[in-house]
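First to last, the protein sequences are chains A and B.
Residue numbering for the first sequence follows this note's numbering, beginning at 174 and increasing consecutively.
Residue numbering for the second sequence follows this note's numbering, beginning at 174 and increasing consecutively.
The structure appears right after this line, and notes come after that.
Number of protein chains: 2
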Amino acid sequence: MYSNVRIVMMNTSHPGNIGAVARAMKNMGLGELCLVSPKSFPDIVAERRAAGAKDILANARVVDTFDEAIEGCVSVIGASARGRKIPWPVMNPRDCAAKVREFASLSSGDTGQTHQNTVAIVLGREDRGLSNDELQRCNYHVHIPTNPEYGSLNVAMALQVLAYELRMDYLLYSSMGDASQAACTLSPEDSGWDEALATSDEVEGLIGHLENVMTKTDFFDPDNPRQLIPRLRRLFQRSRMDKIEVNIMRGFLNTVVKGISAK
Amino acid sequence: MYSNVRIVMMNTSHPGNIGAVARAMKNMGLGELCLVSPKSFPDIVAERRAAGAKDILANARVVDTFDEAIEGCVSVIGASARGRKIPWPVMNPRDCAAKVREFASLSSGDTGQTHQNTVAIVLGREDRGLSNDELQRCNYHVHIPTNPEYGSLNVAMALQVLAYELRMDYLLYSSMGDASQAACTLSPEDSGWDEALATSDEVEGLIGHLENVMTKTDFFDPDNPRQLIPRLRRLFQRSRMDKIEVNIMRGFLNTVVKGISAK
């Protein structure tokens with residue numbers, strides 16, 4: 174995914190949260206973690222919570238100040254809860270992801286080379302988030318909409334939501350993304366299905382076969398057809414059958430015919 | 174938010190995950206939790222992780238089987254990782270939220286009364302998710318797109334993402350939701366801003382004032398205007414100033430004029 178996104182954690186108290194953030198980052202395809210004066214790091218608790226994302230912890234940079242953490246970034250996005258005295262321009266996580274994509278696709282420099290426009294996403298302290306001073310150093314704020322009666326989101330959960338939106342946006346809208354991975358309703362019509370779609374005439378073949386066998390079993394009376402065949406056609410055409418499903422049904426019907434003939 | 178969504182956790186091993194799910198549920202406005210044969214519940218570890226969402230744990234229902242958990246539900250959505258032998262229709266979390274909204278807005282029954290169409294969202298075991306048998310009992314599968322190289326999402330993180338999408342969808346699209354809470358880019362044009370937007374002529378008044386003062390200070394030469402005024406106009410009109418900002422700037426300019434006259 175994007176290589177220009179840096180996750181910054183301010184003064185994290187619980188090493189478990191650092192591990193959970195690392196795991197969420199790797200799950201969503203992010204890699205760069207910067208820790209500003211964490212209470213305890215490295216820490217075995219962080220490593221356990223990171224599970225298969227220990228490499229993110231191993232590569233994490235530890236710095237002393239906010240300034241060092243955002244050095245070289247073209248844009249700084251701070252995670253913010255509600256209720257600041259002075260409202261600041263604030264995005265929801267979805268708009269935040271679109272904003273990051275904008276920066277990722279920017280190129281700059283006289284050489285015409287693509288320059289990596291690093292964007293920092295800054296997560297606050299567990300107990301009191303980012304300070305007003307830090308928030309005013311950000312170009313944008315991102316706010317995750319929460320239940321007004323209980324808005325206290327765990328820091329790793331917040332990162333999980335932000336990183337999920339980055340991944341969704343990347344898959345759906347980035348020229349480098351693969352929209353099929355966002356897995357909008359998978360049906361036999363999609364490339365991820367395991368069997369080829371039955372053609373319309375194969376399905377018609379099945380319906381004809383069914384009509385024939387139902388007539389043989391006296392279930393269907395061609396002189397009084399009512400709406401039986403249209404109903405079957407609607408069912409089987411609607412369900413977008415694959416070739417194996419058609420073959421299974423026709424194989425079954427063949428056994429029914431054999432069974433009747435043998436009587 | 175929706176009162177017709179039931180979160181079901183299958184055979185959870187780590188009570189911490191139950192607590193984290195409860196917290197994520199309450200953060201996003203969900204309330205109904207059903208636990209199928211958890212390894213340990215109630216448990217102090219779950220309570221600690223639940224933080225301010227202990228009420229969700231206190232009201233959680235514990236049952237023995239999948240069937241009991243989904244009883245009375247009109248639709249069952251199972252959280253699924255990739256790579257099943259038989260692909261099943263699968264949605265991403267965003268489409269899942271839209272699907273839940275559909276069910277929430279359905280009414281049924283001869284009386285014309287709104288009937289609560291409960292939808293279950295079923296989360297699998299920490300180590301191996303839902304069984305094939307359980308997945309085939311679901312009407313839909315929901316899959317969170319992850320890094321193909323590390324797709325192992327913690328169960329509470331998965332619920333956080335699904336519940337976040339439910340909330341976003343509810344705020345943005347439900348007739349009961351309040352879209353302003355989804356906090357798309359807040360600017361002085363939005364109702365959440367603290368001061369009234371300056372009118373266009375107030376901003377023009379500022380620009381005229383500025384031009385006047387800049388001429389007085391010999392910064393601006395009306396006989397050689399270049400693009401100075403258009404650039405100022407573009408800046409101040411673009412930033413959608415509020416009334417106080419205009420007043421601040423004009424107050425400042427007045428002090429500049431006084432300072433010059435006093436010389």
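For each residue, glycine too, the CB sits at the ideal point set by N, CA and C.
| query | result |
| --- | --- |
| Could I get the ranges of all uninterrupted beta strand (DSSP E) runs contained in the segment 214-271 of chain A, with 3 residues as the minimum, in chain order? | 234-236 and 248-252 |
| To be precise: take each residue of the segment 326-353 of chain B, compare its Cβ to all Cβ atoms of chain A, and keep it if any distance is under 7 Å. Which residues remain? | Leu326, Asn327, Met330, Gln333, Val334, Tyr337, Arg340, Met341 and Leu344 |
| Mind checking the segment 400-429 of chain A against chain B and listing, in chain order, the residues whose C-beta falls within less than 8 Å of any C-beta there? | none |
| In the structure shown, what three-state DSSP assignment does Arg175(B) receive? | The residue asked about is misnamed: residue 175(B) is Tyr in this sequence, not Arg. Reduced to three states, the DSSP call for Tyr175(B) is coil. |
| Find out if the Cβ-Cβ distance for the pair Gly245(B), Thr185(B) is shorter than 8 Å. | no |
| Measuring CA to CA, which of Arg196(A), Pro188(A) and Val181(A) is closest to Met241(A)? | For the record, residue 241(A) in the displayed sequence is Glu; it is not Met. Closest option to Glu241(A), Cα to Cα, is Val181(A). |
| In angstroms with no decimal places, state the Cα-to-Cα distance between Phe214(B) and Asn200(A). | 28 Å |
| Taking a Cβ distance cut-off of 7 Å, strictly less, list which residues of the segment 193-214 of chain B are near chain A, in chain order. | Arg196, Ala197, Lys199, Asn200, Met201 and Gly202 |
| Is the shortest distance between the beta-carbon of Pro188(B) and the beta-carbons of chain A less than 8 Å? | no |
| Please compile the residues from chain A whose C-beta is within a distance smaller than 7 Å of the C-beta of Tyr175(B). | Under the 7 Å cutoff, chain A gives no residues; its nearest Cβ is about 12 Å from Tyr175(B). |
| Let me check you understand the geometry: is the CB of Val273(A) closer than 7 Å to at least one non-hydrogen atom of the ligand FAD? | As for the ligand FAD, it is missing from this structure, which has no ligand bound. |
| Please tell me whether Asn265(B) has its Cβ less than 8 Å away from any Cβ of chain A. | yes |
| Look at the alpha carbon of Arg298(A) and the alpha carbon of Asp351(A), and state the distance between them as a whole number of angstroms. | 35 Å |
| Judging by CA-CA distance, which residue of Arg221(B), Gly424(B) and Thr238(B) is the nearest neighbour of Val386(B)? | Gly424(B) |
| Compute the distance between the beta-carbons of Tyr323(A) and Lys272(A), then report whether it is under 8 Å. | no |
| Can you tell me whether DSSP reads Leu326(A) as helix, strand or coil? | coil |
| So for Asp374(B), helix, strand or coil by DSSP? | helix |
| Are the beta-carbon atoms belonging to Val236(A) and Leu203(A) less than 8 Å from one another? | no |
| How many angstroms separate the CA atom of Asn277(A) from the CA atom of Ser412(B)? | Before going on, a small fix: residue 277(A) reads as Ala here, not Asn. Going by the C-alpha atoms only, they are around 24 Å apart. |
| Please tell me whether Cys311(A) and Val295(A) are closer than 8 Å, where the distance is taken between their beta carbons. | yes |
| Assign Met349(B) to buried or exposed, taking buried as 16 or more other Cβ atoms, counted over all protein chains shown, within 10 Å of its Cβ. | exposed |
| CB Val209(A) to CB Pro266(A), shorter than 8 Å? | no |
| Between Met174(B), Glu377(B) and Asp306(B), which has its C-alpha nearest Gln410(B)'s C-alpha? | Glu377(B) |
| On the DSSP letters alone, give me the boundaries of the alpha helix (DSSP H) that Glu418(A) sits inside. | Lys416 to Ala435 |
| Can you give me the C-alpha to C-alpha distance between Val429(A) and Ile250(B), rounded to a whole angstrom? | 36 Å |
| Can a CB atom of chain A be found closer than 8 Å to the CB of Asn320(B)? | yes |
| Do Leu344(B) and Pro318(A) have their C-beta atoms closer together than 8 Å? | yes |
| On the CB-based measure, 16 or more other CB atoms within 10 Å of its CB, does Glu275(B) come out buried or exposed? | exposed |
| I need the straight-line Cα distance from Leu176(B) to Asn320(A), nearest angstrom please. | In the sequence under discussion, the amino acid at residue 176(B) is Ser, which differs from the Leu named in the question. Answer to the nearest angstrom: the Cα atoms are 14 Å apart. |
| Does any residue of chain B have a CB that is nearer than 8 Å to the CB of Gly324(A)? | yes |
| Return no unless some Cβ of chain A is closer than 8 Å to the Cβ of Ile317(B). | yes |
| Between the Cα of Ser218(A) and the Cα atoms of Arg196(A), Asp396(A), Thr238(A) and Arg404(A), which residue gives the shortest distance? | Correcting the residue identity first, residue 218(A) is Val in this sequence and not Ser. When each option's Cα is compared against that of Val218(A), the closest is Arg196(A). |
| Can you pull the DSSP bridge partners for Ala293(B)? | Arg179(B) and Val249(B) |
| Could you give the DSSP three-state label for Gly202(A): helix, strand or coil? | coil |
| In whole angstroms, what separates the C-alpha of Gly381(A) from that of Thr390(A)? | 14 Å |
| Determine whether the beta carbon atoms of Leu379(A) and Met422(A) lie at a separation below 8 Å. | yes |
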